[in-house]
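FYI, in this note's numbering the residues of the sequence shown are 54 to 469.
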Amino acid sequence: MPTARDASGVPEIAAPPPALPGTDPHPAAPALVVPFTRARICAEAQQAVVDVLASGWVTSGEQVVAFEREFAQHLGVRHAVAVSSCTAAIELSLRALALPPGSKVLMSAVTFCGAASAILHAGHVPVLADVDDLTAMPSPRTLAAAAAECGGVDALVVVHLAGLPTDVVALADAAGVDLDHVVEDAAHALGTVVGDAPVGTISRATCFSFYATKNLAIGEGGMVTTNDDDVADRIRQTRLHGMSADAWRRYLPGGGWRYDVALDGLKANMTDVQAAIGRAQLRRFEVDQARRASVAARYDAALAEVPGIRLPLRPSAGRHAWHLYAVRIEADYGIDRDALIVCLRQQGIGTSVHFIPLHRLTWFGRHCVMPAGGLPGADGVFERILSLPMDAVVSDDEVDLVCAALVRATQRGDAR
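Below, the structure is given as structure tokens:
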């Protein structure tokens, strides 16, 4: 059917369909006064995008190579390999371990679904471990129990939830897995330090995210860090269909058009546009991290004495990256977590829940191995956890507004 045009020849925009009887086509929703998170793309990054767009080369090229070099230097590792997402990073890292097909990979039941997808797409089986109530992450005890119940596992994916450091070596020992068969999901953990070791330098492969909400925000993108030359080479090849040379290298002076495909790969490369943003954001990363730590301290001071709110656990050693500021809403708060979310949203305050446990999601409930006794720790954490607004942009006044709303909700029963 031809597109309708007005007298000037400009296509007309179709009118929206009529609302169903008895419904409001524009339901009232207060504007967010304090969004859950905002991405700040610094002016230098914005200009870098303009420069890349003007260069004539916008896909993987010299900006990606420079970003990889600078990221590796930032963490003090031999290799950083840029990819399209943290999910792709986990899948490619697992492929690089060269595990037998159908290997059992132990992981947390409380994490983003992409980590389980990566295991499945790599041809393996996710085995879910329950979590500790204090950390919302698996403990040596829960990992050992899950591994024993399924007859042992072949690899382990360790998550640093919210940016809280976890002892990777102790978890690997408990799971009965060599450190060479550990992949870290560090989507929340750029800036996290375990003891005196920055996350990204501990296991055979560590996977980072540059999604729009992350501490180093690009919009999309990921990175794998490793000190293993073979792992790095394999991921570089498999991130682009398994090709032996990418287009940028083939078009360099002296390059040739021929290439081979010796490995099964993905389309998971990063573009120069993304890398240019990442390079500029990395230069201000420590400034943004200092702000996040300041926001966390302000929340702590204001909420420490509020009955029924349990503050996030702080590490006894190392450093928290404060990707999230996730509290627990306990029974003595007076209202439950879900009612509080509605209450805060009505006041223009955004929140989130990290995460719905994997066994509660239909697809993963069918495809993950779970303990016979269920996952009571994960279920208990899920019912009470609440992530408050946190980023490097939120102001002290906005933090105070959030805290005041939390105090009112419990004292006056605003959500009842």
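Cβ atoms here follow ideal geometry from the backbone N, Cα and C, with glycine treated the same way.
Three-way DSSP call (helix, strand, coil) for residue 236 in this model: Taking the sequence shown and counting its residues from 1, one reaches residue 236 at position 183. Residue 236: strand per DSSP, three-state reduction.
Under three-state DSSP, which class holds residue 89? Residue mapping note: residue 89 aligns to position 36 of the sequence shown, counting from 1. Residue 89: coil per DSSP, three-state reduction.
Collapsed DSSP secondary structure at residue 275 in the structure displayed: Indexing the sequence shown from 1 puts residue 275 at position 222. Residue 275: strand per DSSP, three-state reduction.
Proximal residues to residue 455 (C-beta, below 7 angstroms), its chain only, five neighbours per side dropped: If you number the sequence shown from 1, residue 455 lands on position 402. Answer for residue 455: 87, 402, 441 and 442, listed in chain order.
Determine the closest residue to residue 273 out of 417, 369 and 138, with distance taken between C-alpha atoms. For the purposes of this step, residue 273 is identified with residue 220 of the sequence shown, where counting begins at 1. The option with the nearest alpha carbon to residue 273 is 138.
Which residue marks the beginning of the alpha helix (DSSP H) containing residue 294, and which one marks its end? Along the sequence shown, one-based indexing puts residue 294 at 241. Residue 294 -> no alpha helix (DSSP H), and no H or E assigned at all.
Which residues in the same chain have their Cβ closer than 8 angstroms to the Cβ of residue 254, if we skip the five residues on either side of it in sequence? In the sequence shown, the residue the question calls residue 254 occupies position 201. Cβ within range, chain order: 128, 129, 130, 278 and 280.
Give a yes or no on contact between the segment 372-381 and the segment 204-216, applying the rule of three or more CB pairs nearer than 8 angstroms. yes
Proximity of residue 115 and residue 135 at Cβ, strictly below 7 angstroms: As a working note, residue 115 is residue 62 in the sequence shown. As a working note, residue 135 is residue 82 in the sequence shown. No.
Based on Cα-Cα distance, which residue from 223, 268 and 425 lies nearest to residue 247? Counting from 1 along the sequence shown, the entry for residue 247 is found at position 194. The shortest Cα separation from residue 247 among 223, 268 and 425 belongs to 223.
Spatial neighbours of residue 357 in its chain, beta-carbon cut-off 7 angstroms, leaving aside the 5 residues before and after: Indexing the sequence shown from 1 puts residue 357 at position 304. Result list for residue 357: 364, in chain order.
Have a look at residue 161 and residue 422 and give me their C-alpha separation to the nearest angstrom. Taking the first residue of the sequence shown as position 1, residue 161 is located at position 108. Taking the first residue of the sequence shown as position 1, residue 422 is located at position 369. Approximately 11 angstroms, taken between the alpha carbons.
Given this structure, state the Cα-to-Cα distance separating residue 353 from residue 291, to the nearest angstrom. For the purposes of this step, residue 353 is identified with residue 300 of the sequence shown, where counting begins at 1. For the purposes of this step, residue 291 is identified with residue 238 of the sequence shown, where counting begins at 1. Cα to Cα, the separation comes out at about 44 angstroms.
Measure the alpha-carbon distance for residue 195 versus residue 220 and round it to whole angstroms. Reading the sequence shown from its first residue, position 142 is the one you call residue 195. Reading the sequence shown from its first residue, position 167 is the one you call residue 220. So the alpha carbons of these two residues sit roughly 14 angstroms apart.
So, is residue 430 buried or exposed, given that buried needs 16 or more other C-beta atoms within 10 angstroms? Here the question's residue 430 lines up with position 377 in the sequence shown. Buried, by the Cβ-count rule.
So, helix, strand or coil for residue 261, using DSSP? Numbered from its first residue, the sequence shown carries residue 261 at position 208. Strand at residue 261.
Own chain residues within Cβ distance below 7 angstroms of residue 313, not counting five before or after: The residue labelled residue 313 in the question sits at position 260 within the sequence shown. Only 297 meet the Cβ criterion.
Return helix, strand or coil for residue 311, following the three-state DSSP convention. Indexing the sequence shown from 1 puts residue 311 at position 258. Note: residue 311 maps to coil in three-state DSSP.
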